[in-house]
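Peer 1: Please find one structure pasted underneath; my questions will follow.
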Amino acid sequence: MMRYSNSQIGYPFFIICFFTLIFVFAVNKFGLQEFKGENDFIILILSVALLMTFRLRVSIEDKQLTLSYGIGLFKKRFDLSDVNNVSIVRNKWYCGWGVRISSEGTIYNISGFEGVKIDFRSGVSIVVGTNKPLELYQALKNFTS
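Mapping the sequence shown onto the numbering used here, position 16 (from 1) lands on 16, and the numbers just tick up by one.
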């Protein structure tokens with residue numbers, strides 16, 4: 001059976017989170033003694049956020065579209081037999097990154113503004129952000145026809 005897979009790194013968030021983590025770690029290691037306890041919690045939260053959100057993996061296998069963030073703790077699956085329509089879209093800048101609710105449907109995006117909108121027969125719509133919208137569009141068309 002044919003498969004599709006693409007991983008996209010969320011560089012903007014990754015860079016901000018990584019350098020903030022390095023900064024907080026440096027302050028914790030070499031900084032003022034009175035802030036050391038609070039910084040341990042910040043380091044833990046930033047590390048978990050980084051592991052949970054650094055990439056978006058989109059895969060299609062066995063008539064299922066799977067969206068997975070970070071190391072894979074957050075996964076969402078969609079049955080492709082329910083797809084009604086597929087189109088390439090450009091997300092508005094104010095829609096942001098991450099999982100968002102918009103007038104287009106639920107947006108799953110990690111970086112950039114390109115995406116593929118999928119309308120399901122059930123009335124649900126999603127937009128999957130991707131750095132390769134044409135490839136995802138064609139793969140969805142192949143798997144749903």
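Note that beta-carbon positions come from the ideal geometry of N, C-alpha and C, so glycine has one too. Since this is a predicted model, take the numbers as computed values, not measurements.
1. Look at the Cβ atom of R121, then the Cβ atom of N84, and state whether they are nearer than 7 Å.
2. Taking all protein chains shown into account, do 16 or more other C-beta atoms lie within 10 angstroms of the C-beta of K29, making it buried, or fewer, making it exposed?
3. Can you tell which of V116, I126 and S125 has the C-alpha that lies nearest to the C-alpha of N132?
4. Can you give the Cα-Cα distance for I9 and R77, rounded to whole angstroms?
5. Which runs of the alpha helix (DSSP H) spanning at least 4 residues fall entirely within the segment 78-141, listed in chain order?
6. Assuming L73 is part of the beta strand (DSSP E), what are its boundary residues?
7. Is the CB of E104 under 7 Å away from at least one CB in chain D?
8. Reducing DSSP to helix, strand and coil, say where S5 ends up.
9. State the Cα-Cα distance for the pair Q64 and V27, rounded to the nearest angstrom.
10. Quick check on the burial criterion: 16 or more other C-beta atoms within 10 angstroms. Buried or exposed for W97?
Peer 2: By the coordinates alone:
1. Indexing the sequence shown from 1 puts residue 121 at position 121. Indexing the sequence shown from 1 puts residue 84 at position 84. Yes, Cβ-Cβ distance for R121 and N84 is below 7 Å.
2. For this step, residue 29 is matched to residue 29 along the sequence shown. Burial call: exposed.
3. Along the sequence shown, read from residue 1 onward, the residue named residue 132 stands at position 132. Reading the sequence as shown, one finds Lys at residue 132 and not Asn. Ranking the options by Cα distance to K132, first place goes to V116.
4. Numbered from 1 along the sequence shown, position 9 holds the residue referred to as residue 9. Numbered from 1 along the sequence shown, position 77 holds the residue referred to as residue 77. Approximately 20 Å between the Cα atoms of the pair.
5. The DSSP assignment places no complete alpha helix (DSSP H) segment of no fewer than 4 residues inside the segment 78-141.
6. For this step, residue 73 is matched to residue 73 along the sequence shown. Looking at the DSSP string, L73 is not in any beta strand (DSSP E), and its letter there is neither H nor E.
7. This model lacks chain D altogether, as it is built from one protein chain only.
8. Mapped onto the sequence shown, residue 5 falls at position 5. Residue state, collapsed to three classes: strand.
9. Position 64 of the sequence shown, counted from the start, is the residue given in the question as residue 64. Position 27 of the sequence shown, counted from the start, is the residue given in the question as residue 27. The straight-line gap from Cα to Cα measures roughly 46 Å.
10. Indexing the sequence shown from 1 puts residue 97 at position 97. W97 is buried by the Cβ-count criterion.
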